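In full-length UniProt numbering, the protein residues as written are 1 to 1150.
Structure record follows, encoded as structure tokens.
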């Protein structure tokens, strides 16, 4: 088609068939072919689908690519396909079942549109089309020039329609690159009746006034009234709700490449149709209404009625009782603390019940007055789990008689009536929740049981007290500071922890343990060896042990005293790393065709067999010296135990060896005890230890070499155990071949003369390692555990007495799906078939938790549950595991004491990490990692968060400014002042710093959070804005960064450790560094300048590529959570049922 420069429209001269065939080189959705009768006044009659299918098969040789067919109300047929060749064949049809037809393609589904600006009107549209095709490789369908009548401008915008639905970010024309975006149509409105449903040329209605909506002539003199929405505005107003709706429909149409009718239908469904009505309207998924919506709505209505009735009753008394209850609580706490302190003084150091009872008697005699607790009105509530005829039970439980006797002789009164408070799933009810109060107030107390159990097996018990009815409704909070300070005084008075460290004397009560035997899983309970002795120790002892652990752990990490193959109970040493080390060794042996034999060793009664003097010697070798080693020796020597069995205590017995199981410090001490195990290894033998689980392995091309090295190692292990007074069970230790090479004979390996048994699979930390089908063995083991837990979940998912839906979903996520999370660094190697098996277990468990039928589509199920697909979450958690190891740097156990890698990522994981960081447009070298030297809280500089009056944000901004200037002139007059700030917007994430001498502005990776940006800004200021001859004062408005720096631990973000390292370097120059928090936007000119610099960043500013691992992990987690919603929105169910909320967001009671 020829055009002149003044023409406004151009269409490609290529036939429609050819354009459709060229779709194969572009992105598109579906190709919809429209077949209509050649006679515009006639419709295509309804044809039997079978007849039409037979006709299509005879005419179209690629008929299998046709995905859908439907008849329209206008008497036309739409055929949908994704095959351009099939679509071209359909366009060649001239008749359908003896009916002459015309064909066309629905262009909206296969094209996209955009505007080009500043195009000269003297250039022909054909020349523009050729230029766009030549420079950008696109196929132009049509061009339209926007030129108004009698317009003398020499340039105009041009609307371009290109083949394909994908739009690039910019389009090159001549020598310029224009940024483009999808063109959004404006709503089209009839100029006669002002309806949005049809154009003016087909309107047969009488023209009306656009202002008032009536038929008249002349100037309109009545108030405005919209003919569409009846609002007080004209029909052409852009604020009309119907106009805004049409705008949204047009945007939906253009962005999703839909026709106007299809976009209108989808918008109306999403705006009006709820889940229940949509499901009811569609046959294939009709029962979802009965299973989901009906059940949910009935539950909500019933629950709301019960909640309202209970809340009305409770609220009527709540405000009246609150103030008095708080006062009573404070009086009770004060009296308890006073009595506790007095008892401790009279009872001495002992805490035995008999001595305490004597102390109470002494106190009563000394004061000659009753205990203060008797004078305070007291309420006691609890699930006593006792049955007795006194409160309406038909039987008596073992301890109920003693309790009933005490109750009758005490000054307390039972408030319960015979109403039951507990109901089981078998509908048997009983009274277990008892309410007791002081006899002096019982006449004014009322007690009753609520009818609603709120999906629990216990019904609420409502207590009212007449004395609280006339109390003021003003609420008073509890003074917790005073309460805790008094508690701290009792703790400090009775147990001075500093004195324990200085004198190395441990109170005898701290060394006394109550042993509770806990049965081991799947063991014979009639044998004593089937129980694990768990030690219950003093609370004060546990507090002291945690302080002790912090010091020991810090020393071991800073000095890298523990070998990297010893895992567990230390920061950065998790079980995944121990398992992954073995997995990488097996993979490497398979790749290089080596033999690999692995041996698992079982230590008998590991904790109970620890030789105390040997442990102290090993701690000294690790550098644990001074008072700490004396305290440890005193803590472990001369311990006493008593065994509790069925509410009975044994006699006290002295223990001279072993670590108490259940003690806080025992796991760390056991790690120290095994720290020298590496000395037993022969050359070429490797090992992995987690707690008392030991796994040694060796790989080589020669089987004789492997067996010889392992035999030497087992002999060394026997000598080591003899020296350490440990014992290994040969019958519980196993050896397995984990290589792909076939063994002609099994080598005979022995321990202390006993042959080690061979097995096909060997278990280490819950993972079964096998010679063949490694992934299948892991999946089979996890699947069997998951099915057992799903069956257990079914037993508690009964709604009348079981937990809430939210809790059931949490059980699925934290108990069943977590089986796959535990070994994600291995399960991320599963095949697609194995991933489908994992996903089926997840959907099975979620159906049980949500009460949905089996035929509920998985996409709908995941949308309602609001969960990630299990296979995607496994991959994400595996990526997070590797990212954390990279961020840990040389502090990670993948490096040995000489900072050499001891674990190498396998090829699949290397490819995974490379793809992840390619998507982020960065590299692993730019991850912020731990410095080579870790720092403790004592190494950080002076930090002021609330020491100055200007740091109170409640002050007016002008007062903050004056107070700041006064503080600087008094306290920091000789300091070099610098200020930093960070900014995060949709376009950039930036940092800035300023001083009297210079300033800086940088762009950083947009994935970084504002917390990371603020910390990086301070790091950069220390590098660029510092001077060597003055002390340094750094101002920042990030309270969280300074708080994290002040409370620096090994678990702090890596960027905070990087900041601590920068400060430590400056302190080596004898510079005094002071960090001060300043309230943001408080007219402090230093912060205002830094804030302005950070917000004015552009593309031209330099870019710093540092990125925090915590932000990368958060970024991946956000993307993964969005995939469930995107999958639902892109599915056919979004169109049929619209958007549905997750069940967990509907109400907290579900």
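Glycine included, C-beta positions come from ideal geometry on N, C-alpha and C.
On a predicted model such as this, the values are computed, not experimentally measured, just so you know.
Counting along the chain, where does the beta strand (DSSP E) carrying residue i start and finish?
i	result
residue 736	734–737
residue 643	639–645
residue 602	595–602
When burial is assigned at 16 or more other CB atoms within 10 Å of the CB, is residue i buried or exposed?
i	result
residue 168	exposed
residue 240	buried
residue 230	exposed
residue 267	buried
residue 189	buried
residue 244	exposed
residue 1026	buried
residue 640	exposed
residue 210	buried
residue 743	exposed
residue 950	buried
residue 660	buried
I need the straight-line Cα distance from residue i to residue j, nearest angstrom please.
i	j	result
residue 490	residue 499	Only weak support is given to the placement of residue 490: the predicted model assigns it a pLDDT of 45, under 50, and the value that follows is read from those uncertain coordinates. Whole-angstrom Cα-Cα distance: 15 Å.
residue 120	residue 255	28 Å
residue 42	residue 70	18 Å
residue 536	residue 612	20 Å
residue 1133	residue 35	27 Å
residue 1089	residue 979	8 Å
residue 146	residue 954	57 Å
residue 354	residue 540	In this prediction, residue 354 has a pLDDT of 48, which is less than 50 and means its spatial position is unreliable; nothing more can be read from the coordinates.
residue 1082	residue 947	17 Å
residue 1008	residue 1117	14 Å
residue 932	residue 1105	20 Å
residue 534	residue 974	60 Å
residue 643	residue 780	40 Å
residue 718	residue 752	7 Å
residue 759	residue 736	5 Å
residue 638	residue 666	16 Å
residue 1042	residue 821	34 Å
residue 9	residue 143	6 Å
residue 437	residue 394	24 Å
Which residues bound the alpha helix (DSSP H) around residue i?
i	result
residue 776	774–796
residue 58	49–59
residue 139	First-last for residue 139: undefined, no H or E at that position.
residue 848	832–850
residue 704	703–724
residue 997	Note, residue 997: premise wrong, no alpha helix (DSSP H); not H, not E.
residue 19	16–21
residue 818	818–822
So who's on the other strand from residue i, going by DSSP bridges?
i	result
residue 145	158
residue 100	95
residue 982	991
residue 754	751
residue 685	698
residue 381	435
residue 567	690
Among the options, which has the Cα closest to the Cα of residue i?
i	options	result
residue 1157	771, 221 and 113	The structure shown does not extend to residue 1157, since the chain spans only 1 to 1150, so no value can be given for it.
residue 791	804, 777, 812 and 7	812
residue 673	713, 649, 622 and 654	622
residue 1093	1086, 1102, 1001 and 1120	1001
residue 98	60, 125, 534 and 44	44
residue 906	159, 829, 758 and 921	829
residue 96	137, 715 and 54	54
residue 158	1045, 165 and 178	178
residue 1096	1050, 987 and 13	987
residue 636	107, 1098, 101 and 670	670
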